[in-house]
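Protein chains in written order, with the numbering used here: chain Y, -11 to 120; chain W, -11 to 120; chain X, -11 to 120; chain D, -11 to 120.
All C-beta atoms in this analysis are idealised placements derived from N, C-alpha and C, irrespective of residue type, glycine included.
Since we're looking at a predicted model, the values are computed, not measured.
4 protein chains.
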Amino acid sequence: MLRQHEIQVRVRYDDADPMGLLHHARFFVYFEMGRTEMLRASGGCYRQMEEEGILIVVAKAECRYRKPARYDDVLTIRTIVERVTAAKIEHRYEVFRDGERLADGRTTLAVVDRDGRLCRVPEWMHTSLGVS
Amino acid sequence: MLRQHEIQVRVRYDDADPMGLLHHARFFVYFEMGRTEMLRASGGCYRQMEEEGILIVVAKAECRYRKPARYDDVLTIRTIVERVTAAKIEHRYEVFRDGERLADGRTTLAVVDRDGRLCRVPEWMHTSLGVS
Amino acid sequence: MLRQHEIQVRVRYDDADPMGLLHHARFFVYFEMGRTEMLRASGGCYRQMEEEGILIVVAKAECRYRKPARYDDVLTIRTIVERVTAAKIEHRYEVFRDGERLADGRTTLAVVDRDGRLCRVPEWMHTSLGVS
Amino acid sequence: MLRQHEIQVRVRYDDADPMGLLHHARFFVYFEMGRTEMLRASGGCYRQMEEEGILIVVAKAECRYRKPARYDDVLTIRTIVERVTAAKIEHRYEVFRDGERLADGRTTLAVVDRDGRLCRVPEWMHTSLGVS
């Protein structure tokens, strides 16, 4: 039962922009990696869910950038489950380099079927994501 | 004096994800293209600014996704200047496909020098971005 | 009946690397855009092919980089059909900026079904790609 | 003195295409990660080289794709130094999933200064890359 999880990511050369900084859009990719690994650590697997026709879509995403991350930095992405309801899953994210906070993010996810119709968040996700 | 600008973008294959949809992080890239072309239409050029040491960083970014965009769709990105102050520039974005609204975004930009120190937003940007 | 086609692409900020140059891997993305638009100009549509279960996979790709392309450059991508056989499609690519040749590429494509099994190149592709 | 090095990479969601496969252009990004980590394992650091004005550019790149890699696969990227001369560095790459070979790549790198002028490959790279 996880409510919080951390991964380390090294900033790839092609994720950095002409300023030498992690491009602002790629923070959302790193958040996605954080969610994926948190789910895996909880015993789930997003690829398998997708193969079974349970798709996760992002309904809302935001990020506040405090300090830049640079190419080749090793970042810690902390993923926190904020709330799981029948309709959506809310995560928060904190990005650190050597203990210094660089950015904060937030996403709201929804579950859809292959035709894009909204579904209830599966019961096991409530449990595995730490919310009974 | 532009306060609003529109571009058309066709969703690239490598911007689409395994669901065949424009990856949620890439909307922010399309917003950036919108800003860049709006600045160009106003007589500015972001690459030239960068060469002169005036760097734009994103301080905050958010997007609300209403309907998915798919690979090969032609999207209209409408960029709107909301506010320009001495310290920051706020834009809004609207994404359409065939007149249907797919997403809304918002960014807050700041200006920094090569050492990453915050600078005042240059006077000409107030003017060219349509806010006297 | 097209054997050659040209598109213009402006180098996106997030396609450029910390040197301010178009990242070498993204040339292959621009080649893909060239192929897609060539097919469209011939009356085909890759997205529709994919929906019908005719998938194109890249079997081989190469690029020789002569001069760098920079962020915000407008590039011309020339796509040339070299050879279409029952088993594969070979394209060449030339990248120009203001008439100056920056790079040359080459790809070999194969056609597979949804299970990844190799298929014959459809007859209409021989015709529409200009090889009877 | 390394002539060969291996890294593990998990295929990111945004590196996969609408077929659910690692996009062919991203193999070159994974090769770049392989080179970067090989250099680090040899005691070098590409970011530091870049800060000192020694830039590496790709002069030629190619890849032969044998079998597809899928989203979420864990791949092994084996990087092999083929040849280091005064003018260039040649690497080969092998991509495996569970011991099965998926792809083979090859790159030729050159060294340039900040003005893009070709430089001799630094002496220490001959040594650290295992070629006396």
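Any idea which residues DSSP pairs residue i with across the strands?
i	result
D:R52	X:K48, D:D92
D:A75	Answer is none; D:A75 lacks a bridge partner.
D:Y81	D:T67, D:G93
X:V109	In the DSSP output, where bridge partners are listed per residue, X:V109 has none listed.
W:L43	W:V100
X:R58	X:L9
W:Q(-8)	W:I68
Are the C-beta atoms of residue i and some chain B residue less than 8 Å apart?
i	result
D:L43	Absent from the structure is chain B; the protein chains it does hold are Y, W, X and D.
Buried or exposed for residue i, going by 16 or more other Cβ atoms inside 10 Å?
i	result
W:V62	exposed
Y:G87	exposed
Y:S120	Since pLDDT at Y:S120 reaches only 40, below the 50 mark, its modelled position is unreliable, and the value read off the structure follows with that caveat. Exposed.
X:R(-9)	exposed
X:R89	exposed
W:C33	exposed
Y:T95	buried
D:R23	buried
Y:A74	exposed
W:G93	buried
Y:G31	exposed
Give the interface partners of residue i over in chain D, defined as CB-CB distance under 8 Å, in chain order.
i	result
Y:Y81	Going along chain D, no residue has its Cβ under 8 Å from Y:Y81, so there is no contact; the nearest lies around 15 Å.
W:A4	D5, P6
Could you check whether residue j and residue i sit closer than 8 Å to each other, using their CB atoms as the reference points?
i	j	result
D:R105	D:G41	no
D:Y1	W:D5	yes
Y:R66	Y:Y81	yes
Y:A91	Y:R54	yes
W:K76	W:A47	yes
X:V83	X:F15	yes
D:T64	D:E20	no
Y:V45	W:P56	yes
D:E78	X:A49	no
W:R165	X:D60	What the structure shows of chain W is the stretch from -11 to 120, and residue 165 of chain W is not part of that stretch, so it cannot be assessed.
D:V(-3)	D:L43	no
Y:A13	W:A98	no
Give the range of the beta strand (DSSP E) segment to which residue i is assigned.
i	result
W:L63	62 to 72
X:V(-1)	From DSSP, X:V(-1) is part of no beta strand (DSSP E); its letter is neither H nor E.
Residue i lies in the alpha helix (DSSP H); which residues open and close that run?
i	result
Y:M7	First-last for Y:M7: undefined, no H or E at that position.
W:G22	14 to 29
Mind pulling the chain W residues with CB within less than 7 Å of residue i?
i	result
X:M21	R0
If the cut is a Cβ gap below 8 Å, which residues of chain X does residue i touch?
i	result
D:E50	K48, A49, E50, C51
D:G104	P56
What residues from chain Y crowd round residue i, counting only those whose CB sits closer than 8 Å?
i	result
D:R35	R58, Y59, D60
Using the beta-carbon of each residue, which ones in chain W are nearer than 8 Å to residue i?
i	result
Y:R14	A13
Could you work out which residues of chain D lie near residue i, taking near to mean beta carbons separated by less than 7 Å?
i	result
Y:V17	R0, D2
For residue i, return the contacting residues in chain D, with the cut-off set at a CB-CB distance below 9 Å.
i	result
X:E38	P6, M7
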